[in-house]
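The structure appears below as structure tokens.
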Amino acid sequence: MFENLSERLDRSFKLLKGEGKITEINVAETLKDVRRALLDADVNYKVAKQFTDTVKVKALGQNVLTSVKPSQLMVKIVHDELATLMGGTATEIELKGSPSVILMSGLQGSGKTTFTGKLANMLKTKKGMKPLLVAGDVYRPAAIEQLKVLGEQIGVPVYSEPENKNPVEIAQNAIREAKANGNDLVIVDTAGRLAIDEQMMNEITAIKNAIQPDEILFVVDSMTGQDAVNTAKEFNDRLDFDGVVLTKLDGDTRGGAALSIRTVVDKPIKFVGTGEKMDALDVFHPERMADRILGMGDIVSLVERAQEQYDEEEAKRLQKKIAKNQFDFNDFISQIQRIKKMGNLKELASMIPGVGKALKDIDIDDNAFKSIEAIIYSMTPAERSNPALLNGSRRQRIAKGSGTTIQEVNKLLKQFEETRKMMRMLTTAKPGGKKLPSFRR
22 MFENLSERLD RSFKLLKGEG KITEINVAET LKDVRRALLD ADVNYKVAKQ
72 FTDTVKVKAL GQNVLTSVKP SQLMVKIVHD ELATLMGGTA TEIELKGSPS
122 VILMSGLQGS GKTTFTGKLA NMLKTKKGMK PLLVAGDVYR PAAIEQLKVL
172 GEQIGVPVYS EPENKNPVEI AQNAIREAKA NGNDLVIVDT AGRLAIDEQM
222 MNEITAIKNA IQPDEILFVV DSMTGQDAVN TAKEFNDRLD FDGVVLTKLD
272 GDTRGGAALS IRTVVDKPIK FVGTGEKMDA LDVFHPERMA DRILGMGDIV
322 SLVERAQEQY DEEEAKRLQK KIAKNQFDFN DFISQIQRIK KMGNLKELAS
372 MIPGVGKALK DIDIDDNAFK SIEAIIYSMT PAERSNPALL NGSRRQRIAK
422 GSGTTIQEVN KLLKQFEETR KMMRMLTTAK PGGKKLPSFR R
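Numbering (my numbering), first residue to last: 22 to 462.
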């Protein structure tokens, strides 16, 4: 996502490198390239022109400090305007009903049903809510089953009436069911079509009028580019929705929808889907997205993901084991599982400033840990707890059992020992021989 745009913008800023000051000529040249980069990323033409006009006015009105180069100042101005273009700040969803009701809308294939499950999972785990999912798509045969499978995965009940073809009645009955069972949140999945039609719009408008939702979210596939923006506008004209959800941001998309949609419909982007897993959902932060577009990384989001997998008691236990040089393969595999839960490996790496650009042409396989896991799981419990037992014959057996080579097993053991030594050094000592203070969250 945004890789091509990031590269093009980086090239544009280089036009100002070596320049002593910002002038109308060099700004015009730079912004001409910036506008081309935005158009290539499928940003709406009017939005791209308005954006570069605003940047030009701000750039020419700036006095360049002796400590700041013109190219650095331009990056700062473009960063701030990108964040403003996408909404400025993150926008929360409004949940004030009893129960709170969220109505989902969007075309078929946009990822609406999957997002419905992800949102329920997020609000259940992070806000302690008790959701009820509603299967309101009465046309697509697999829709009800898909929602039930998702509900089972995240431990959330699904209300459905397979024989009833009236989605308004189903939604109303579901809210009554939620009140009876103590559910404080109802998320209504609705039918999508391959294209907008009058019947679809009338139906979802009728559902909205009948259940008066606290929040209406429009789900759009970001890979459809400008079509996504046009569809959002038509839905907003009829529904006056509260926010946009962009799905498939982890795909090979040019990103124009994310940059255009806020301006065209004047509604905030509230969430972004970043993968297929049920926890692959992020609140949309315009400033952080601007950081990532300009290759500055996104350390805040990376830390937040790490904190979600962080367990204070587990951290204390682990610190004691490391200090006593007792860190073993059980601990090692446990840390791998935590990293995997944080999300796509290449996406995580791109959140580190400067790393995204370096990894542009490098493919990081999400199965990178598979051979390591296979080797560790081929060890006996005693071997995992006491790596010192791993002599030559045991290593041969582990290689055979894991489908790897003896060289791969030896390499892992060597890396493990080096990691263990480094962790012990960092945990127990600092220059002068004094112990480091205990870690506190």
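Even glycine gets a Cβ: it sits at the ideal position worked out from N, Cα and C.
Which one or two residues does DSSP pair with residue i in a beta bridge?
i           : result
residue 302 : 294
residue 123 : 208 and 236
residue 242 : 268
residue 104 : For residue 104, which the question treats as bridged, DSSP gives no partner whatsoever.
residue 180 : 155
Assuming residue i and residue j form a contact by the criterion Cβ under 8 Å, report the distance between their Cβ atoms to the nearest whole angstrom.
i           : j           : result
residue 237 : residue 267 : Not confirmed; about 16 Å, so no contact.
residue 243 : residue 68  : No, residue 243 and residue 68 are not in contact; Cβ-Cβ is about 15 Å, not under 8 Å.
residue 125 : residue 137 : 5 Å
residue 285 : residue 127 : Actually they do not touch by this definition, with Cβ atoms about 16 Å apart.
residue 111 : residue 305 : 6 Å
residue 212 : residue 188 : 7 Å
residue 342 : residue 352 : 6 Å
I'd like to know whether the C-beta atoms of residue i and residue j end up nearer to each other than 8 Å.
i           : j           : result
residue 288 : residue 257 : yes
residue 121 : residue 205 : yes
residue 235 : residue 116 : yes
residue 107 : residue 307 : yes
residue 134 : residue 164 : yes
residue 408 : residue 437 : yes
residue 45  : residue 76  : no
residue 405 : residue 350 : yes
residue 425 : residue 396 : yes
residue 413 : residue 399 : no
residue 357 : residue 297 : no
residue 63  : residue 247 : yes
residue 293 : residue 300 : no
residue 239 : residue 227 : no
residue 51  : residue 95  : yes
residue 129 : residue 214 : yes
residue 104 : residue 311 : yes
Using a 10 Å radius around the Cβ and a threshold of 16 neighbouring Cβ atoms, would you call residue i buried or exposed?
i           : result
residue 443 : exposed
residue 446 : exposed
residue 427 : exposed
residue 338 : exposed
residue 81  : exposed
residue 263 : buried
residue 162 : exposed
residue 410 : exposed
residue 218 : exposed
residue 78  : exposed
residue 261 : exposed
residue 185 : exposed
residue 314 : buried
residue 269 : buried
residue 233 : exposed
residue 65  : buried
residue 119 : exposed
residue 417 : exposed
residue 201 : exposed
residue 430 : buried
residue 109 : exposed
residue 152 : buried
residue 250 : buried
residue 172 : buried
residue 420 : buried
residue 355 : exposed
residue 265 : buried
residue 48  : buried
Open item on the list: Would the region 186 to 200 count as touching the region 148 to 164 if we require 3 or more Cβ pairs under 8 Å?
Closed with: yes
Task: Cβ pair count under 8 Å reaching 3, the region 217 to 233 against the region 58 to 72 - done: no
Task: At least 3 beta-carbon pairs within less than 8 Å: the region 160 to 178 vs the region 207 to 218 - done: yes
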